[in-house]
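A short worksheet on the structure shown next.
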Amino acid sequence: MNLNIQREELLISQLADLLKNDKHVAVGAASPIPGAAALLAKEEAKFLNKRLRVTILHSNKYNNFTDGARELFDCAAQGRIDTFFLGGVQIDGQANINLVGTGKYPKIKKRFPGSFGSALMYFVVPQIVLFREEHSPRTLVKKVDFISAPGVSEKDVYRPGGPKYLLTNRALFRFNKNLQKFSLYKINEKETVKNLIKLTGFDFDVDNKISQMPNPDTNRINILRNKIAPMVSEFYPEFANRIWGI
Amino acid sequence: MNLNIQREELLISQLADLLKNDKHVAVGAASPIPGAAALLAKEEAKFLNKRLRVTILHSNKYNNFTDGARELFDCAAQGRIDTFFLGGVQIDGQANINLVGTGKYPKIKKRFPGSFGSALMYFVVPQIVLFREEHSPRTLVKKVDFISAPGVSEKDVYRPGGPKYLLTNRALFRFNKNLQKFSLYKINEKETVKNLIKLTGFDFDVDNKISQMPNPDTNRINILRNKIAPMVSEFYPEFANRIWGI
Amino acid sequence: MKSFDELSLKEIVDEVQDGFILGIPADYSGVPMKFTKELIKKGVKNLKLYCLPLTTIQGDMLIGSGCVSEIEAAAVTLGEFGMAPRFSEAVENGKILIKDSTCPALHAQLQATEKSVPFMPLRGVIGSDIQKHRKDWHVIQNPMRSSGVREEPVLLLPAVQLDILVFHAPCSDRNGNIQIGRRRELATLAHASKKVFVTVEKVLDIDFFEDELSAATCLPALYVNGISIVKNGAWPCALPGVYSSDNEEIKKYSLAAKTKEGFGEYMKYCL
Amino acid sequence: MKSFDELSLKEIVDEVQDGFILGIPADYSGVPMKFTKELIKKGVKNLKLYCLPLTTIQGDMLIGSGCVSEIEAAAVTLGEFGMAPRFSEAVENGKILIKDSTCPALHAQLQATEKSVPFMPLRGVIGSDIQKHRKDWHVIQNPMRSSGVREEPVLLLPAVQLDILVFHAPCSDRNGNIQIGRRRELATLAHASKKVFVTVEKVLDIDFFEDELSAATCLPALYVNGISIVKNGAWPCALPGVYSSDNEEIKKYSLAAKTKEGFGEYMKYCL
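Protein chains in written order, with my numbering: chain V, -6 to 239; chain E, -6 to 239; chain B, 65 to 335; chain F, 65 to 335.
Spelled out as structure tokens, the structure:
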């Protein structure tokens, strides 16, 4: 059987692997791939008799909150969310993220939507997974133009949470908090370390356990396409239609 | 017709008179007489085509809040409540109230329930009506043993609200904020100023508009007994039973 | 049908350790009386009761039974039936420490924990003896330029986290979401508690989240560590919207508890 | 049957004065699009939009129409349909002032007003450029001894009061109580606003407070200054629990608004 795995499916699979020890994963605005990954991980947890709670803000069905839009942030600050996903117009080598725009703020050159809840979530959720599909010197930069949320903080700042991983469509990095530096952990099968160095605007280490991104197996792909895809179409219809034609 | 007005009915009538300019009156815990007064004022406002909103915390039906038990305090702090009632084990001449007990705190001699929300409500509700049935040197004292909430505050303290009246079963006082002193305003028909001086532990002025407490007229008594009494029995069944036998 | 494992009342009681800060719901929020009696039977000691914002018979019984070393509250009272006799006696004789507070402060301290901030500001209170005796409270001059009055004194209250919260509710759904209606102070209590257990009258075979309106009436299961089905679990207190308080019984208690002996007799009968 | 006087949409629009701070609900909270279009027709100027915490087509349209001088938000976006083109253009060309914020800060600033305290503390944010550019925010060292970490830096956010809030809801009851379900951020917005107006799909001839569960789903009338019945009042945005967003229409807008001319054409057609 030719699985014909799509790029998005591979990314969903990578993210799902990062959620195996979690009890509660939350997914914020405009995040179809993390949303699908969380639901996939939840489904797979059932086979291990474990329970993974998934909160997807842009869904009525998978939104576990009843205290209004602030509850995500309160809940995270209380330490009740294990993993959250953040993106970035730019991400730099110290894991600073920029969701605001390029150019010298406030005289911005290209304006993007804004920082959303990143400036709190990045501080309080133990495992933040940075996710940015485009892997290029334009997105992964030496220094972001605007810090929506910093990757590291001074010692006296309350910060139980922070960056753990960065996933692009070419590679998965781990973040080393002590060195304040990313380390290349997994790479796409079509990719080389050499090429990634060229495509990454910041310096990074190479993990000694570096390996290829594993393709999802038949079983996982079946769950994803048959069970998860219809769920995703409830809250990201455009995405589900584009990837799975539903 | 012999109205045979009971003491409690007279007090309800006095309090209702103080609510004529209000848009929203709230009534806290264990306050059947203020509760009845508020509902009476609401009923009478209808005849003048005015709308008085009454929030009675210990009733499901007359509780206008949906944000939990804190909403009374938030709502009051927002300036959305015009009148609230407070009692006191002791009340002194500067309108300090004591709801905690007698003796030298914390080595208390006689312990009462506690301060409830008085320490905020007294500061933020424009018209606080103090209400204490017993008029004696034991309840109206020179200086309270414990200040649950102070009658007056330093200038730099945020305080849009405060004491306006004090009603006992013998008299109604007005509070003069500038003089920090009560002024005798209305007295029970069976009462004399001289006797009240004897029965009051603090010094007070005598208002130049001093008059007798007016008895409620037939109309008001009819509304009270026929319409308000059954409402009160929903949330203060013991009281309604004792006063009106329902 | 249930997606959660129902606990026995004993299992919940066993979660309460000596010295714990126990969250106490007001008489309008679903008082877990059956649980309270089991707790007394177990003989738990040195509880710190955190009342939001007051307690009635529940607190008085726990105090009278010697389970409590400290109580933070805005009031302890039997409401229409007068003062809480075991509480008053215990305070007058220095048997328990009472941290006198005021309702909005008790709410705000939990809201601080709900938001994971070290403190919450509150207006009012300044100049009262409540404030004077609370060494854990702190007054600063307002440092903001764009809000409030520059340099006005503002009271800061510490964040308080409960070790455990137990309350009684009408029902849960099959997924363990708890119906709290508009008693939203229960959500604040739960958010600010390390562990939350609920006794319910029954479990409904529905999912509150399948409908936006019923979702609005519940505390999500994610805050709940365990549920036990306990019929009439609030008796003799009321369960708002389900049953009224048993005023005869509370009156009986209020009379009996006036003396230590009367209280002892009553507890023997009621346990 | 109604105990309140229904307003026309025009009467609500007339309450919005130039320069007002206008509360803007997120796309999941009931966006009053019909009202917004009438507001644009009226030609209101210099609005300050306060978004809780973001805006989509509503904010973009108001900005594109020249009604806005300032916006405080955590994001302005068309979601799945990409960036908000009129917003981006206006910011890039310095036509409006954007006070960049983050979701929890926007909630907290309204909660401060809800509690009438001059500020609200928040953790996180420190060290971001958001904080660096907000001169109205203030950092203190934690002064509490009993909570948080002594001397940890804590961000204080000012209380913000809205001049006016307008949102769209499924229905009101006959007494003017508004059904908001679990969109409780609407309650926070209302508590923090001087005036509140609501457009609703319909008025039900019931009293939400007659039942504890339906009471839990509503914003009490005491916070509402006026109601207007406006069918499909959120279109093309969604009204959660009632109708979904019209994605075709939003896509159409997102494409048209990429240019000033295209936006002009679209507005001509839609007004």
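Ideal Cβ placement from N, Cα and C applies to all residues, glycine included. For clarity, every value in this text was computed on a predicted model and none was experimentally measured.
State buried or exposed for residue i, treating a residue as buried only when at least 16 other CB atoms are found within 10 Å of its CB.
i: F/V181; result: buried
i: E/F232; result: buried
i: E/M(-6); result: Because E/M(-6) carries a pLDDT of 48, less than 50, the predicted location of this residue cannot be relied on, and the following value inherits that uncertainty. E/M(-6) should be labelled exposed.
i: F/I194; result: buried
i: E/T132; result: buried
i: E/R0; result: exposed
i: B/E312; result: exposed
i: F/G212; result: buried
i: V/T161; result: buried
i: F/Q175; result: buried
i: B/K101; result: buried
i: E/N171; result: exposed
i: F/K179; result: buried
i: B/K259; result: buried
i: F/Y287; result: buried
Compute the distance between the beta-carbons of residue i and residue j, then report whether it is under 8 Å.
i: E/G21; j: E/F78; result: yes
i: F/M125; j: F/P300; result: no
i: V/L113; j: F/G188; result: yes
i: F/G146; j: F/S318; result: yes
i: B/F327; j: B/G290; result: no
i: V/V150; j: F/P217; result: yes
i: F/I270; j: F/R247; result: no
i: V/V137; j: V/Q173; result: no
i: B/I314; j: B/L142; result: yes
i: V/A164; j: V/L189; result: yes
i: B/T177; j: B/Q243; result: no
i: V/I203; j: V/Y229; result: no
i: E/D85; j: E/V18; result: no
i: E/R213; j: E/S52; result: no
i: F/P168; j: F/D200; result: no
i: V/L50; j: V/N42; result: no
i: B/L277; j: B/G87; result: no
i: E/M206; j: E/E182; result: yes
i: B/A148; j: E/P106; result: yes
i: F/V140; j: F/I160; result: no
Consider the Cβ of residue i: report whether some Cβ of chain F lies at a distance smaller than 8 Å.
i: B/R238; result: no
i: B/M97; result: no
i: E/N53; result: yes
i: V/A70; result: yes
i: E/T193; result: no
i: E/M(-6); result: Note that E/M(-6) has pLDDT 48, beneath the 50 cutoff, so the model's placement of it is unreliable and no number is given.
i: V/L4; result: no
i: B/L116; result: no
Quick one: does residue i have its CB under 8 Å from some CB of chain V?
i: F/D193; result: yes
i: F/D164; result: yes
i: F/H202; result: no
i: F/R198; result: no
Would residue i pass as an interface residue toward chain E - the criterion being a Cβ-Cβ separation below 8 Å?
i: B/S152; result: yes
i: F/C282; result: yes
i: F/A279; result: yes
i: B/N241; result: no
i: F/H255; result: yes
Would residue i pass as an interface residue toward chain B - the criterion being a Cβ-Cβ separation below 8 Å?
i: E/F105; result: yes
i: F/F272; result: no
i: E/R63; result: yes
i: E/V118; result: no
Less than 8 Å between the CB atoms is what I'm expecting for residue i and residue j, so what's the real figure, rounded?
i: F/F68; j: F/L111; result: With 8 Å as the limit, F/F68 and F/L111 do not qualify as a contact, their Cβ atoms being about 27 Å apart.
- Message: Taking contact to mean 3 or more Cβ pairs, one atom from each stretch, closer than 8 Å, check whether the stretch 116 to 127 of chain E and the stretch 78 to 87 of chain E are in contact.
- Response: Verdict: yes, contact present.
- the stretch 58 to 73 of chain E touching the stretch 158 to 173 of chain F, judged by at least three CB pairs closer than 8 Å: No, the stretch 58 to 73 of chain E does not touch the stretch 158 to 173 of chain F.
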